[in-house]
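Heads up, the sequence shown is in the working numbering, so the first residue is 1 and it goes up one at a time.
Each residue gets a CB set at the ideal place from its N, CA and C atoms; glycine is no exception.
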Amino acid sequence: MLTTLAFAAFVAVSCGWIGTRAVRDHRGALAERRRLLDDAARLLQNSKVTFGHDQFPVLVGETRDGRRAKIELIADTMVTRRLPQLWLRVTLSESGERNRPTIGALARPTGAEYYSLVHDMPEWLSPAQTDASLLMRGDGRATAWQVERVSALFRSLFADPKVKEAVITPRGTRIIRQAAQGEPGAHKVLRQVRFPLTAIPADLVALAIDEAETLSALLVEDDIVAPVYQAA
């Protein structure tokens, strides 16, 4: 009888300790998550950090020329046969609407990219030739000259396998890059989403901002009259 009671007490204490440890670890992981963009905040003027429902930070500020930049982190667990992905999404807003079409490309599309703008574009375009499979779409307003210019830049951008999406619109540009992959042990054994980093490198964020600025400067207003591109 005493042995049974002692064993029951041991089990109760062990379960309590495990529960307390799990809560403490979860709180610590959320606290680390909230600090992921602290280093990147110094890249922008008048920067402000808020938090999504998943406690990933959202950084908003201004670039050197006064344009609004929004830095977000997206935890992607939709594809079950691969490790979770942490995407860095940088959106650069123009000061006013530009006279240009919407064109975008998505690398290695699976159809599960809920965060992608490319899937919502109505017109298929012949993709730039890259090592990775590429889905390229637009809004149907691009000229042949514009498609050619954008395709050349996409070939350069997507030569880096960590670039997931690049988009040009009249109101802004967007770049999505891989920031990290989930820890294999946590994902395969515990089915948890953990990323092995405590901060997104400021250099990575600066690179994505530079790429968004390059996209923004690509299709400037031009008086050249070019035929409207006919999608295949």
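- The region 89–100 makes contact with the region 157–176, as at least three CB pairs between them are under 8 Å.
- Nearest Cα to Ser126 within the set Leu106, Leu83 and Ile74: Leu106.
- When the alpha-carbon of Ile103 is set against those of Ser116, Thr110 and Ala159, the nearest one is in Ser116.
- Distances from the CA of Arg137 to each of Ala159, Glu165, Leu219 and Thr130 were compared; the closest alpha carbon is that of Glu165.
- Within the same chain, Leu88, Lys162, Val163 and Ala208 come within 6 Å of Arg177 by CB-CB distance, once the 5 residues on both sides are set aside.
- Assignment of beta-bridge partners to Phe51 by DSSP yields Pro57.
- Looking only at Ala217, Met78, Ala206 and Met121, the smallest Cα-Cα distance to Asp139 is reached by Met121.
- Within its own chain, the residues whose Cβ lies closer than 7 Å to the Cβ of Gln45, once the five positions on either side in sequence are excluded, are Gly61 and Glu62, listed in chain order.
- Of Ser95, Ala159, Thr50 and Thr198, the smallest CA-CA separation from Leu134 is found for Ala159.
- In the three-state DSSP reduction, Ser133 falls in the coil class, being neither helix nor strand.
- The alpha carbon of Leu215 has as its nearest neighbour, out of Gln146, Pro196, Arg33 and Ile200, the alpha carbon of Gln146.
- The beta carbon of Glu97 lies closer than 8 Å to those of Pro170 and Arg171 in the same chain, with the five residues before and after it left out.
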